[in-house]
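Participant: In the numbering used here, the protein residues as written are 67 to 266.
Dumping the structure here so I can ask a few things about it.
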Amino acid sequence: MNYGYARVSSKDQNLERQFAAFDGCGIKFDRIFYDKKSGTDFERRDYKKLMTRLRAGDLVVIKSIDRLGRNYDCILCEWKRITKDIGADIYVLDMPLLDTRYHEHNLIGKLIADIVLQLLSFVAENERATIRTRQAEGIRAAKARGVKFGRPKTACPKNFPDIAKQYLQRKIPLSEALALSGMKPSSFYRYYHRFTTDAS
Numbered sequence: 067m068n069y070g071y072a073r074v075s076s077k078d079q080n081l082e083r084q085f086a087a088f089d090g091c092g093i094k095f096d097r098i099f100y101d102k103k104s105g106t107d108f109e110r111r112d113y114k115k116l117m118t119r120l121r122a123g124d125l126v127v128i129k130s131i132d133r134l135g136r137n138y139d140c141i142l143c144e145w146k147r148i149t150k151d152i153g154a155d156i157y158v159l160d161m162p163l164l165d166t167r168y169h170e171h172n173l174i175g176k177l178i179a180d181i182v183l184q185l186l187s188f189v190a191e192n193e194r195a196t197i198r199t200r201q202a203e204g205i206r207a208a209k210a211r212g213v214k215f216g217r218p219k220t221a222c223p224k225n226f227p228d229i230a231k232q233y234l235q236r237k238i239p240l241s242e243a244l245a246l247s248g249m250k251p252s253s254f255y256r257y258y259h260r261f262t263t264d265a266s
């Protein structure tokens with residue numbers, strides 16, 4: 067049995083291109099599983115349904131490897147689960163070398179696909195490490211120039227002690243304290259905690 071698996075990262079993205087690719091392979095719509103969710107892990111509703119239906123000898127077709135997932139460590143685990151544990155095949159349309167099907171005269175198909183996937187995983191991991199290094203270097207350089215990171219702190223109004231005292235004595239409700247101070251609850255409670263600590 068041939069199945070298609072499609073994925074986009076958010077609900078407003080379109081799956082039509084992937085569906086059209088499956089149609090070109092002769093995969094009927096009732097055999098297409100799709101998710102509108104991030105590819106960082108495999109906790110996806112339709113993907114899980116596909117895995118419960120998949121049997122040895124079946125074929126999973128995907129448009130590109132990043133439609134299966136974004137985390138190559140997880141992809142390697144799922145690839146092994148599908149091809150080794152379940153005994154099904156995978157075919158990536160945009161990268162024909164990632165085709166684990168084998169025939170009488172093509173016994174090395176699975177081996178080639180596994181090697182290509184391992185290579186992709188290595189390249190992706192190196193790319194992630196390079197990006198992390200560049201980000202760290204950029205942050206260090208920015209800090210050296212005096213750039214401040216994080217959300218700017220809300221300034222404490224001059225009348226805050228009076229507002230905090232009224233709130234502490236239950237003379238005004240929180241909504242009024244927030245309105246008088248012009249603060250959000252998180253900022254109000256941060257300064258309020260300091261006020262009560264200093265007062266004790």
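Think of the CB as a built atom: it goes at the ideal place given N, C-alpha and C, for glycine as much as any other residue.
1) I need the DSSP call for ARG121, collapsed to helix, strand or coil.
2) Enumerate in chain order the residues of its own chain whose CB-to-CB distance from ARG121 is below 6 Å, with the five nearest sequence positions on each side excluded.
3) Identify every residue that forms a DSSP beta bridge with TYR71.
4) On the DSSP letters alone, give me the boundaries of the beta strand (DSSP E) that ILE156 sits inside.
5) On the DSSP bridge assignment, give the partners of ILE128 in chain order.
6) Where do the N-terminal and C-terminal ends of the alpha helix (DSSP H) with GLU144 fall, by residue?
7) Between which two residues does the alpha helix (DSSP H) holding ILE93 run?
8) Would VAL126 be called buried (16 or more neighbouring beta carbons within 10 Å of its own) or exposed?
9) When the cut-off is 8 Å and only beta carbons count, does ALA179 lie next to chain B?
10) Taking its Cβ as the centre, do 16 or more other Cβ atoms sit within 10 Å of GLU170, making it buried, or is it exposed?
11) LYS102 and LYS77 - do their beta-carbons sit closer together than 8 Å?
12) Under 8 Å: do the stretch 80 to 88 and the stretch 126 to 140 share three or more Cβ pairs, one atom per stretch?
13) Suppose you measure from the CA of SER187 to the CA of ASN225; what does that come to, to the nearest Å?
14) Under the DSSP definition of a beta bridge, which residues are partnered with ASP180?
15) In this structure, what does DSSP give as the bridge partners for ASP165?
16) May I have the straight-line CA-CA distance separating THR149 from GLY92, to the nearest angstrom?
Facilitator: Quick answer:
1) coil
2) none
3) PHE99
4) 155 to 158
5) VAL158
6) 138 to 146
7) It is not in any alpha helix (DSSP H) - ILE93 carries neither H nor E in the DSSP assignment.
8) buried
9) In the displayed structure, chain B is absent; only one protein chain is listed.
10) Note that GLU170 has pLDDT 48, beneath the 50 cutoff, so the model's placement of it is unreliable and the number below is only indicative. Flag for GLU170 reads exposed.
11) yes
12) yes
13) 58 Å
14) Paired residues: none, contrary to the question.
15) TYR157
16) 22 Å
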